Each structure stands twice: as structure tokens, then as C-alpha cells.
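Here the protein sequences line up with chains A and B, keeping their order. Numbering follows UniProt numbering, with no gaps: position 35 of the first sequence is 35. Numbering follows UniProt numbering, with no gaps: position 15 of the second sequence is 15. Structure, as C-alpha cells:
Number of protein chains: 2
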Amino acid sequence: MFRASLTSPERVARQIRERILAGRYPGGTILRQEELAAELGVSRMPVREALRQLAAEGLLILHPHRGAVVAELSLAELEEIYEMRAALEPLALRLAIPRLGKGQLGEAEDALDEAERVHDGQRLSQLNWRFHAALYRPAERPRLLSTIELLHLNVDRYMRMILTVMQHREQSNLEHRLLLEACRAREVERASRLLQQHILEAGQRLVQFLKEKV
Amino acid sequence: MFRASLTSPERVARQIRERILAGRYPGGTILRQEELAAELGVSRMPVREALRQLAAEGLLILHPHRGAVVAELSLAELEEIYEMRAALEPLALRLAIPRLGKGQLGEAEDALDEAERVHDGQRLSQLNWRFHAALYRPAERPRLLSTIELLHLNVDRYMRMILTVMQHREQSNLEHRLLLEACRAREVERASRLLQQHILEAGQRLVQFLKEKV
DNA sequence: GTTGCAAATTTTGGATACAAAGGATACAGT
DNA sequence: ACTGTATCCTTTGTATCCAAAATTTGCAAC
């Protein structure tokens, strides 16, 4: 029979991933297999598979015989990801709106409500994804959804930094509320326009924020 | 210093990938590590990493403790991939057209010329990708390009089947020529409209073809 | 002091060996 | 005959060990 039985490479991958996203391993960090293995209480073998997994997700770059380096995202690449999101997410939303039920709308609203109360970066990032994913899921496009998720994953490290800036959060919340209303009203065109604009503007704010931070 | 030194997992991944795309391992096939290892003259370890790589590419599904299964693409998923391509490729083309040089236009044209003479499925698939990639590359959006490449990879198995059907090829070549002309003339809007239409229609033809084949 | 080379060290890549999980099979009980 | 269960076999998962590659260090020559 089936059993979930999370296998070590997956557990290890999850832990390393979270460390990268939390900023504990900034871009450029060299990850040593032995070190990770010892720290996570496994041998190097599962670590190697985890590293390959994370490399496939775009969080690492594997240099043969030289090790795994945490991927650095240039501002250009960051903007690129937002361009891709701006192309894909409105597509998902368009397909989803006709099938949106009370359940998803409620889930999205709950995420927004909590996001206004909470202040932890990791949690805010989770809620942000939950909001978006709830709206896209009814489209029933698994590949599209997981591609979008991967893009989110890749900007998440930087997202978390700006998610604690109050000005950004207020603007973002406002846009989210407007988007949700458009979805409720089944106004496909307006919703997808709002979403595209929301993504592009969030991208611009993030790039701006990172530029100033240096 | 640097050395290319293709590492075994990559070699192994490439070979398995080619077998999947060529139809030698159809969807649903269970891949046994030991068997692959023996056949490719390595131990199970590089095979495992290769399998993980291919799973990340979407060609396999890894079931913990139960093995790797070649991914089956339902017609719905196939259409989904074409929807994604129709969203992403016109974006890449728009960004690329202003920067298209003689080099890329020539490369694209060469690919079309050869595609009209050649009849081998694998080669045709290569040429088809070369044509598209040549037009997108000047956009200088590496993630966008590799995402598109991944989508191509995932439909390639089915593409190869229809690429030997003369009627499809003629239609496709015609559309490619029109697209190339629009690019030469720097008509961004027309070119991106042609491309989107080309992708959606190719997807429809493929779905139709596969439906009839059953 | 700087540059070039070579040995030594570190670190990754790959193979073998062992453990554990899943599935198949045979047997016992009803 | 059928069902449930225990055991065996196959296959995957993980650890350990050895080999190969890359980096670092030390030494020598200029």
C-alpha cells in the first residue's frame, strides 16, 4: 500500500530551501556537502540529491567538482521573473474565475485578513502565496500552477525583505482587496488587468527597494 | 581552472531523456535503477541523480520506495502546456524583435530551410526548437528561455509523432515563414499575434492527431 | 616581492555494501 | 474456495569507502 514516508532527500531539501529563503544562506554562499550532512544528521548521499533538487528549482547552481552555490539573482533576473509572472498569472486567473467557488474566495479573503494582522516575513510570504494560489487553483492547470509557484519560490527571499515594509504592505493589501472584489464580481477582464498591474508594480517596488538597500 | 568534464549524472540523464523523447520509454514505463545502471555502465548512484533531474524537468514522476515512472501526459495537460507556451513565447518574441540581428534571422531561416529537406523526427524537432530559440534569444531572458525550452521538452515526445505528417509540416513551415517575415519587418504586434496563433493551432493539431491515433 | 610549479589537502564524484520498505507468494484458518 | 497473515524476494534508500578533481599551500627561481 501507499505510505507517505517522506524520504531524506526531500526533508533535507526542504530544510536547505527554507534556509536559503530565510536569508541564512545568502546568494553566493558555497554549500559543503559534508557540513550539511553533519548538521542535518544524514550522510552526504541524501544531501547530494537534495542539492540537485534545489538546483532544478533554480535556487542553487551546481558546479561540477566545485560544489553548490546559492544562486544570486541580479535585478535584471528579478525583473525577468516578474515579467513571466505577469504573463502567466493573469492566464491562470482568467481560466479560474468562471470556476471560482465560495471556498476559494473565502480562503483568499482569510489569507488577506491574517496578512493584515501578522508581521513575520515567513508567514506573510506564505499568506501571499495562499491568496494567489487560492484564486488560481480552480483553473485546474497543475503545470501552470507549479510553474507559477516556482517563480514565487525564486523571488521569495527578496519578497520577505520588502514584506516587512509597512508602506509596501498597505499598497499590496489594497491591490489584493480590489483584485478579490473583481473576482467576486466575475469581471474577468478587470481582474486580470488588476492582477497584471499588481504584479508589475510589486516587481518595480521590489527592485526599487533592493536598489536603495545597497 | 575550469574544466567542462560532463559528469555522469548529466550523461545518464541525457541518455534517458532521449529515450523517453524518442518513445522508447513510453508514458507509464517503470524505470529500474539497477537495470539502467547496468545498461549505461555506471552504478546506481549517478542514475538516481539523473532520475531526480528528469523528474524536475517533468519527464518522470518519482514515487518514494516504488520507483520512477515515465510521466503520462493527458490531452488536457498537453493543451495546458500549449496555453503556457502561447502566453510565454509571444512575450519572449516581443522583447527580442527590437534586438534581432542578421545572425539570428539567418539562423532561423537556415533551420527552416533544413526542416523542409529533412525527414527524421529527432532532427525535425531539433530544428523546430532552433528556429524558435533563435528568435527568442536576443531577448536576453535566460529564465524565460529555459522555461520555454522545458515546455518544448515536455511535448517533444508527441511533437515527434506529428512532425512526420506531411500535412502538418507544410502548414507549420508556412506559418514559420510568415512569422520570420514579420520579425524581419520588425512588426512586433503582427509577429506576436502570428506566433500565438501558430502555437495554439499547432497544439490543436497535435491534440486532434493524438485523438485520432487512439 | 612576485611568479610559477608541485605536493598536500580538501572536497566532490562514483561504487560497493548494507538497511528498510514494498510487493508477491505461500500457507493457515475459516 | 476465500481471506487474512506471515514470510520471502525484489527494489529502493542510505551509509561508508575509494577515486578523481580542484584548490590551497609551500617552495624555489627569478
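Glycine included, every Cβ here is placed at the ideal spot set by N, Cα and C. For clarity, every value in this text was computed on a predicted model and none was experimentally measured.
CB contact flag (residue i, residue j, <8 Å)
i                         : j                       : result
glutamate 89 of chain A   : glutamate 49 of chain B : no
proline 142 of chain A    : alanine 96 of chain A   : no
arginine 44 of chain A    : glutamine 33 of chain A : yes
leucine 127 of chain B    : alanine 111 of chain B  : yes
glutamate 107 of chain B  : alanine 134 of chain B  : yes
leucine 21 of chain A     : arginine 157 of chain A : yes
alanine 86 of chain B     : leucine 200 of chain B  : yes
glutamine 122 of chain A  : arginine 160 of chain A : yes
isoleucine 148 of chain B : alanine 202 of chain B  : no
leucine 51 of chain B     : arginine 17 of chain B  : no
cysteine 183 of chain A   : leucine 75 of chain A   : no
threonine 7 of chain B    : proline 64 of chain A   : yes
glycine 23 of chain A     : glutamate 72 of chain A : no
arginine 130 of chain B   : valine 188 of chain B   : no
alanine 68 of chain B     : leucine 40 of chain B   : no
leucine 153 of chain A    : glutamate 77 of chain A : no
Residue i, DSSP secondary structure in three states
i                          : result
phenylalanine 2 of chain B : Confidence in phenylalanine 2 of chain B is poor, its pLDDT being 47 and thus under 50, which makes the residue's placement too unreliable to answer from.
leucine 73 of chain A      : coil
leucine 54 of chain A      : helix
leucine 135 of chain B     : helix
proline 26 of chain A      : coil
serine 8 of chain B        : helix
valine 47 of chain A       : helix
arginine 141 of chain B    : coil
valine 207 of chain A      : helix
Contact set for residue i: own chain, Cβ-Cβ below 6 Å, skip 5 residues either direction
i                          : result
phenylalanine 2 of chain A : Since pLDDT at phenylalanine 2 of chain A reaches only 46, below the 50 mark, its modelled position is unreliable, and the value read off the structure follows with that caveat. Contacts found: none.
tyrosine 25 of chain A     : Arg19, Val70
leucine 144 of chain A     : Ala92
leucine 62 of chain B      : Ala55, Ala68
isoleucine 162 of chain B  : His168, Leu206, Phe209
leucine 36 of chain A      : Val47
valine 165 of chain B      : none
glutamine 196 of chain A   : Ala86, Pro90
Per DSSP, cross-strand counterpart(s) of residue i
i                        : result
isoleucine 61 of chain B : B:Val69
isoleucine 20 of chain A : In the DSSP output, where bridge partners are listed per residue, isoleucine 20 of chain A has none listed.
leucine 31 of chain B    : B:Ala68
Own chain partners of residue i with C-beta closer than 8 Å, once the 5 adjacent residues on each side are dropped
i                       : result
leucine 151 of chain A  : Ile81, Met84, Arg85, Leu88
valine 118 of chain A   : Leu124, Leu127
arginine 66 of chain B  : none
glutamate 79 of chain B : Gly203, Val207
arginine 190 of chain B : Ala182
Cut-off 7 Å between Cβ atoms - residues of its own chain near residue i, not counting five sequence neighbours on either side
i                        : result
histidine 198 of chain B : Glu175, Leu179
proline 9 of chain B     : Pro46, Glu49, Ala50, Gln53
alanine 13 of chain A    : Ala50, Gln53, Leu54
beta-carbon residue i near the ligand MG non-hydrogen atom, thresh 7 Å
i                      : result
arginine 32 of chain A : Of ligands this structure carries none, so the ligand MG is not represented either.
Inset, instruction - Mind listing, in chain order, the continuous alpha helix (DSSP H) runs of no fewer than 4 residues lying wholly within the stretch 80-121 of chain A? - result: 102-117
Inset, instruction - Enumerate, from N- to C-terminal direction, the unbroken alpha helix (DSSP H) stretches of 4 or more residues contained entirely within the stretch 144-198 of chain B. - result: 166-184
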